[in-house]
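Below: one structure, written as C-alpha cells.
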Amino acid sequence: MDSKAIAILGGTGDQGLGLALRFAKAGRPVVIGSRKLERAQAAAEEVRQAVAGAHVEGLDNADAVRRAPIVILSVPFEHTAATVKAVRDNLAPEQILVSMGVPLATAVGDAAVRTVGVWQGSCAELVAALAPDGVEVVSAFQNVSAHRLRELEHPVECDVVVSGSPGPRKLVMALCALVPGLRAVDGGPLGNARFVEGITALLIGLNVRYKVPEGVGIRFTGLPSA
Ligand SMILES: NC(=O)c1ccc[n+]([C@@H]2O[C@H](COP(=O)([O-])OP(=O)(O)OC[C@H]3O[C@@H](n4cnc5c(N)ncnc54)[C@H](OP(=O)(O)O)[C@@H]3O)[C@@H](O)[C@H]2O)c1
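Per our numbering, the sequence shown starts with residue 40, numbered consecutively.
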C-alpha cells in the first residue's frame, strides 16, 4: 500500500472523478474503484488524458480499498450501505473511510432539495455503524460541487467541514489543501456530519433559485487563519 495513495469508491461518477482529477493534479497517487473493472479503467484513462503524468489506476472496489490508507466513498446515499458491506472484509484497522454522501430525498423518489432522516443521525454515522472495528470514519467534501472540481483550470472556492476523531480528521483536512480554493474547517466529532449533509440540500436549492448550474459553495467568516 502506498502511504500517499487515495482510493475513491464510485470514482467513476461525477464527484469521485472530480476529486480523482484534483488529487492526481496535485501529484498524489489515485486509485479509482468501481463495481466494474472496465469502468474503473476507463475513468483512470480519463484522468491520465486530463492530467499529464497522473499516477492513477482503476480497480474494482474491493481491490481499490486495499491500495490506500484513505478511502473515499463516492456513491449515492441509497447505495452506501451495500457498498460498505461489499468491501468491509477488505478494510483494515486504522484505514480511514471518508463519507461524502448526503441522504438526499431522491433516495425515496422525492426532491434533491430535501433530506431523509437516517436512524444513526447522518450518512457518515451510518457508514461508521457498518465499518469494521478500528476503521476510522471521517465526514468531508459534501458541500463541494462536482462541476467545479472538474474545471481543473479554476480554483474550487469552498470550505470543507471535516468531522471525525481528531487524528484521522487532521489527515483528511490535509487533503483539502491539495485542491486550490478548498479550505478545511475543523468540524469536530462525526455527529456534526448531520448539519453538513443538510447544507448540501440547501445548496442544491440555491443552485436552482440563483441559476448557478456550476454549483454554489460555502465560506465561514471570522475563522482565524490556520
Ligand atoms: N455530484 C455532486 O455535485 C456532489 C456534491 C457533493 C457530494 N456529492 C456526494 O458524492 C457522492 C457521489 O455523487 P455522484 O454525483 O458522483 O454520484 P453518481 O455519479 O450518481 O454515482 C457515483 C458512482 O456510484 C456508483 N453506483 C451507482 N449505482 C450504484 C449501485 N446501485 N450500487 C453501488 N454503486 C453504485 C457508480 O459507480 P460504478 O457503476 O462504477 O460502480 C457511480 O459512478 C454522493 O453520495 C453525493 O451525495 C455529490
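Cβ coordinates follow ideal geometry from the N, Cα and C atoms, glycine included.
Check your understanding: DSSP on Asp-128, reduced to helix/strand/coil?
Key -> helix
**Study point:** Rounded C-alpha distance that separates Arg-105 from Leu-130
**Key:** 7 Å
Point to revise | DSSP state of Arg-222 mapped onto helix, strand, coil | key: strand
Check your understanding: For Val-114, which of Val-152, Val-86, Ile-71 has the nearest alpha-carbon?
Key -> Ile-71
Check your understanding: Could you check where the alpha helix (DSSP H) with Asp-53 kicks off and where it finishes?
Key -> 53–64
Check your understanding: How big is the Cα-Cα spacing for Ser-264 and Lys-75?
Key -> 43 Å
Review point. Which value, in whole angstroms, describes the spacing of the CA atoms of Leu-136 and Arg-248?
Key: Just so you know, the alpha carbons of Leu-136 and Arg-248 end up roughly 34 Å apart.
Review point. Are there 16 or more other CB atoms within 10 angstroms of the CB of Arg-258, so buried, or fewer, so exposed?
Key: exposed
**Study point:** the region 121–129 touching the region 142–155, judged by at least three CB pairs closer than 8 Å
**Key:** no
Check your understanding: Could you check where the beta strand (DSSP E) with Val-176 kicks off and where it finishes?
Key -> 175–178
Check your understanding: From Ala-107 to Ser-42, what distance separates their C-alpha atoms?
Key -> 7 Å
Point to revise | Validate contact between the region 143–150 and the region 169–189 using beta carbons, cut 8 Å, 3 pairs | key: Three or more Cβ pairs closer than 8 Å define a contact, and the region 143–150 falls short of that threshold against the region 169–189.
Check your understanding: The beta strand (DSSP E) with Glu-96 in it runs from where to where?
Key -> 95–99
Check your understanding: Cβ-heavy atom distance between Val-114 and ligand 1 below 7 Å?
Key -> yes
Check your understanding: For Leu-165, which three-state DSSP category applies?
Key -> Leu-165 carries a helical assignment under DSSP once its states are collapsed to helix, strand and coil.
Practice item. Within 10 angstroms of the Cβ of Phe-62, are there 16 or more other Cβ atoms? Answer buried if so, exposed if not. Key: Its Cβ being crowded by 16 or more others within 10 Å, Phe-62 is buried.
Review point. From Ser-161 to Phe-180, what distance separates their C-alpha atoms?
Key: 14 Å
Exercise for review: Report yes if the CB atom of Leu-98 is closer than 8 Å to the CB atom of Gly-49, and no otherwise.
Suggested key: no
Review point. Any heavy atom of ligand 1 closer than 7 Å to the Cβ of Asp-53?
Key: yes
Check your understanding: Straight-line CA distance for Leu-242 to Ala-91?
Key -> 33 Å
Practice item. Mark Glu-96 as exposed unless 16 or more other C-beta atoms lie within 10 angstroms of its C-beta, in which case mark it buried. Key: Answer is buried; the Cβ neighbour count reaches 16.
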